[in-house]
Amino acid sequence: MPVQIAPSILSADFARLADEAAAVSGAADWLHIDVMDNHFVPNLTIGLPVVESLLRHTTLPLDCHLMIDDPDRWAPAYAEAGARNVTIHAEAARAPVRTLREIRAAGARAGLAINPATPVEPCEDLLGEADMLLLMTVEPGFGGQPFLDHVLPKVRRARELVAKHGGSVWLQVDGGVAAGTIERCAEAGADVFVAGSAVYGAPDRAAAVQALRAQAESATARASWPASG
Ligand code: DX5
Ligand code: ZN
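Per my numbering, the sequence shown starts with residue 62, numbered consecutively.
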């Protein structure tokens with residue numbers, strides 16, 4: 062699986078979202094959308110109406126990361142609206158198998174996210190239900206936080222679990238991913254990289270995406286984890 066870069070619009074100018082999406086559309090693989098409800102996380106961002114509007118203004122596939130209570134109720138609508146990936150948090154989902162299946166049935170990829178303190182091992186039995194595992198490398202809620210190095214051993218364990226199950230599940234890292242940390246993430250086994258402030262805090266957003274991709278690709282090439290197809 063080649064390296065994929067997903068700029069997070071959490072660090073973009075919310076009053077100019079279409080322009081901010083366009084700034085990375087030639088360079089990025091995904092546009093990462095952080096949906097926060099002020100309950101699951103202590104921050105409030107955007108919801109379905111804004112996602113629906115963005116879908117009309119960008120050709121980038123949308124990667125919706127739902128940091129909300131009761132994702133079982135809300136997640137399928139994001140997939141039905143046209144999001145290409147919808148990720149729910151294991152800590153918030155009451156019926157993750159059913160919800161992941163509903164996301165897939167609506168035509169999107171299904172992602173399962175876990176916070177820094179949540180172990181990955183209990184997710185092993187759900188790997189067949191998910192297309193992507195998201196390992197948070199900060200506590201969810203805000204952009205611009207420092208990367209949590211202690212998540213890296215979990216990224217390695219997650220890569221081993223994914224490899225054991227055929228290697229088709231993507232492994233995404235989110236939080237504090239930047240020039241100084243992305244290589245460690247790639248070496249540990251991540252293959253999809255969310256970057257908010259590292260992209261939208263840069264003067265040239267597309268160049269920032271390209272630089273992160275180059276770093277991740279060279280780190281992946283020297284990594285010991287089994288690359289998958
Ligand atoms: C945090 C969000 C992230 C955030 C990352 O809860 O899930 O996607 O935008 O921002 P940076 O890359 O600045 O840490
Ligand atoms: Zn996110």
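Glycine is no exception: its CB is placed at the ideal position from the N, C-alpha and C atoms.
Just verifying my parser: in three-state terms, what is the DSSP assignment at residue i?
{"i": "I129", "result": "coil"}
{"i": "T148", "result": "strand"}
{"i": "A73", "result": "coil"}
{"i": "H100", "result": "coil"}
Just how far apart, CA to CA, sit residue i and residue j?
{"i": "V270", "j": "G262", "result": "11 Å"}
{"i": "H226", "j": "P183", "result": "14 Å"}
{"i": "D130", "j": "I107", "result": "14 Å"}
{"i": "L78", "j": "D95", "result": "13 Å"}
{"i": "Y139", "j": "A282", "result": "35 Å"}
{"i": "L195", "j": "V255", "result": "10 Å"}
{"i": "S69", "j": "A167", "result": "23 Å"}
{"i": "Q287", "j": "A224", "result": "Reading the sequence as shown, one finds Pro at residue 287 and not Gln. Spanning the two alpha carbons is a distance of roughly 7 Å."}
{"i": "R117", "j": "D192", "result": "25 Å"}
{"i": "V238", "j": "P201", "result": "13 Å"}
{"i": "A84", "j": "V112", "result": "17 Å"}
How would you label residue i, buried or exposed, when you count the other beta carbons within 10 angstroms and need 16 or more for buried?
{"i": "P157", "result": "buried"}
{"i": "L105", "result": "exposed"}
{"i": "N176", "result": "buried"}
The alpha helix (DSSP H) spanning residue i covers which residue range?
{"i": "A267", "result": "R266 to A282"}
{"i": "A83", "result": "L78 to A83"}
{"i": "A247", "result": "I243 to A249"}
{"i": "A167", "result": "Unbroken run through A167: none, as it is neither H nor E."}
What are the start and end residues of the beta strand (DSSP E) that includes residue i?
{"i": "R170", "result": "R170 to I175"}
Practice item. Specify which residues have a beta carbon nearer than 6 Å to any heavy atom of the ligand ZN, listing them in chain order. Key: S69, H93, D95, H126, D235 and V255
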